[in-house]
């Protein structure tokens with residue numbers, strides 16, 4: 007009500023005090039199971055803060071980031087619920103997009119606390135709300151860009167809370183992917199989303215399932231699509247002329263300008279450390295299929311090429327595609343298992359070097375996701391992890 011009356015426009019708020027009070031409300035909400043109304047009121051206050059014309063609010067600490075991520079998750083959940091319950095309509099405004107990206111960065115910041123991070127219940131509720139929104143096919147009323155942003159956040163939530171895919175999930179994903187595929191300019195964006203799906207599937211495969219023809223085909227298909235996306239004419243031309251990716255052109259200026267560069271750097275340093283500790287090099291026993299070994303090797307090469315040079319030249323593309331399509335003729339070029347896994351130093355010997363091809367498929371995919379977010383969402387195309395090298 008205060009916002010509608012305009013009383014908050016000229017009111018000076020102590021963000022530190024607000025963050026401290028909000029942290030207490032969040033804690034009570036989660037541990038004492040208080041009514042959701044408390045959190046809903048808090049989320050409305052925070053939404054007013056970022057929507058004020060002359061807002062000076064910045065996110066430069068973990069506490070502010072976590073508070074904003076929590077309350078905005080509750081705000082978005084509430085809006086989605088009103089839509090599928092018929093009492094309102096979810097609209098993707100500039101401020102809604104701001105909230106989505108702040109939530110996204112908060113989820114990045116939370117991964118190193120997983121599996122029991124402090125605000126898990128909030129993100130589970132957000133995940134469920136978006137899922138129900140998709141299940142009722144309400145996404146069809148939104149633009150392609152808005153569908154993409156919602157699916158992007160949904161998949162990010164699913165990975166962070168370790169959610170599972172329902173049959174309807176997969177139907178929706180492939181329906182949307184088919185829709186995105188009609189836009190060649192969204193090719194890499196779509197591959198980024200698809201990496202989440204493949205990650206969720208592959209992280210559940212055992213050694214036998216990993217070598218099943220259908221699953222090998224999924225890995226091959228993803229790798230092929232990534233190669234083609236990184237050499238897409240529209241993508242290459244846009245990067246060379248604007249240094250930005252479609253859908254993310256104005257993200258830093260209009261949506262996350264309140265997040266300081268130092269805090270983004272801090273979050274990605276924590277993510278980097280988390281991934282290095284979470285994904286260990288695969289042992290010899292994992293491998294029973296040389297086809298899998300080659301696909302993994304090619305995928306690692308493509309991801310490293312993306313990280314170092316952002317797109318692929320035609321000669322490299324032809325080389326990678328040839329390896330994928332004619333894997334049997336390239337098996338002799340793969341070093342023996344002992345050369346790959348027995349004689350190379352482990353992570354402890356070279357703490358700042360990641361041998362990407364020695365990681366599992368889920369490990370390679372997680373590094374790709376983080377690289378993508380660093381270069382296109384929260385950094386720039388030249389951003390790299392400090393004191394970390396990929397081979």
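Numbering (the working numbering), first residue to last: 7 to 397.
Backbone N, C-alpha and C define an ideal beta-carbon position, used for all residues, glycine too.
Where residue i falls: helix, strand or coil (DSSP)
i, result
"residue 351", "Because the pLDDT at residue 351 is just 39, under 50, the model does not fix this residue reliably, and the point stays unresolved."
"residue 359", "strand"
"residue 395", "strand"
"residue 389", "coil"
"residue 370", "helix"
"residue 65", "strand"
"residue 346", "Any answer about residue 346 is weak, because its pLDDT of 37 lies below 50 and its placement is not dependable; what the coordinates show is given next. Residue 346 falls in the helix class under three-state DSSP."
"residue 127", "helix"
"residue 105", "helix"
"residue 95", "coil"
"residue 209", "coil"
"residue 317", "coil"
"residue 112", "helix"
"residue 261", "helix"
"residue 251", "coil"
"residue 215", "helix"
"residue 298", "helix"
"residue 142", "coil"
"residue 81", "helix"
"residue 134", "helix"
"residue 287", "coil"
"residue 256", "coil"
Exposure of residue i, with buried meaning 16 or more beta-carbon neighbours within 10 Å
i, result
"residue 224", "buried"
"residue 196", "buried"
"residue 74", "buried"
"residue 277", "buried"
"residue 349", "Low confidence applies to residue 349: its pLDDT is 35, below 50, so where it sits in the model is not reliable enough to give any reading."
"residue 206", "buried"
"residue 72", "buried"
"residue 165", "buried"
"residue 358", "exposed"
"residue 375", "buried"
"residue 290", "The predicted model places residue 290 with a pLDDT of 49, which falls under 50 and marks its position as unreliable; any figure quoted below should be read in that light. Answer is exposed; the Cβ neighbour count stays below 16."
"residue 79", "buried"
"residue 400", "This structure cannot settle anything about residue 400, because the visible part of the chain is limited to 7 through 397."
"residue 397", "exposed"
"residue 153", "buried"
"residue 168", "exposed"
"residue 379", "buried"
"residue 243", "exposed"
"residue 158", "buried"
"residue 310", "buried"
"residue 179", "buried"
"residue 288", "buried"
"residue 220", "exposed"
Spatially closest choice to residue i from the options, by CA coordinates
i, options, result
"residue 400", "364, 81, 177", "Because the chain spans 7 through 397 in this model, residue 400 falls outside it and cannot be assessed."
"residue 229", "243, 219, 201", "201"
"residue 392", "324, 222, 273", "273"
"residue 275", "235, 114, 208", "114"
"residue 388", "155, 246, 373", "246"
"residue 286", "154, 164, 372", "372"
"residue 303", "198, 205, 364, 211", "364"
"residue 268", "51, 54, 68, 63", "68"
"residue 161", "129, 300, 213", "129"
"residue 171", "154, 199, 143, 203", "203"
"residue 85", "134, 326, 62", "134"
"residue 377", "327, 306, 328, 325", "306"
"residue 299", "62, 174, 213", "213"
"residue 254", "360, 191, 126", "191"
"residue 222", "95, 297, 324", "297"
"residue 283", "97, 360, 64, 96", "360"
"residue 390", "324, 326, 312", "312"
"residue 257", "70, 63, 323, 104", "104"
"residue 143", "131, 174, 125, 127", "174"
"residue 125", "76, 94, 189", "76"
"residue 362", "163, 185, 395, 55", "395"
Span of the alpha helix (DSSP H) around residue i
i, result
"residue 329", "320-331"
"residue 184", "173-187"
"residue 282", "267-284"
"residue 219", "219-236"
"residue 245", "239-248"
"residue 151", "150-166"
Residue-chain proximity (residue i, chain C), Cβ-Cβ < 9 Å
i, result
"residue 277", "You won't find chain C in this structure, because it holds only one protein chain."
Below 8 Å, how does it come out for the stretch 132-147 and the stretch 90-102: are there three or more Cβ pairs, yes or no?
In short, these stretches touch, since the Cβ pair count reaches three.
Measuring CB atoms only, is the stretch 314-323 touching the stretch 360-377, in the sense that at least three cross pairs come out at less than 8 Å?
In short, these stretches do not touch, since the Cβ pair count stays below three.
Is the stretch 372-391 touching the stretch 252-269 in the sense that three or more CB pairs, one from each, lie closer than 8 Å?
Touching, yes.
Does the structure place the stretch 143-153 close enough to the stretch 104-113 that three or more beta carbon pairs sit under 8 Å?
Contact between the stretch 104-113 and the stretch 143-153 is absent, because fewer than three Cβ pairs lie under 8 Å.
With a threshold of 8 Å, are at least 3 pairs of Cβ atoms found where one atom belongs to the stretch 235-255 and the other to the stretch 187-195?
Short answer: they touch.
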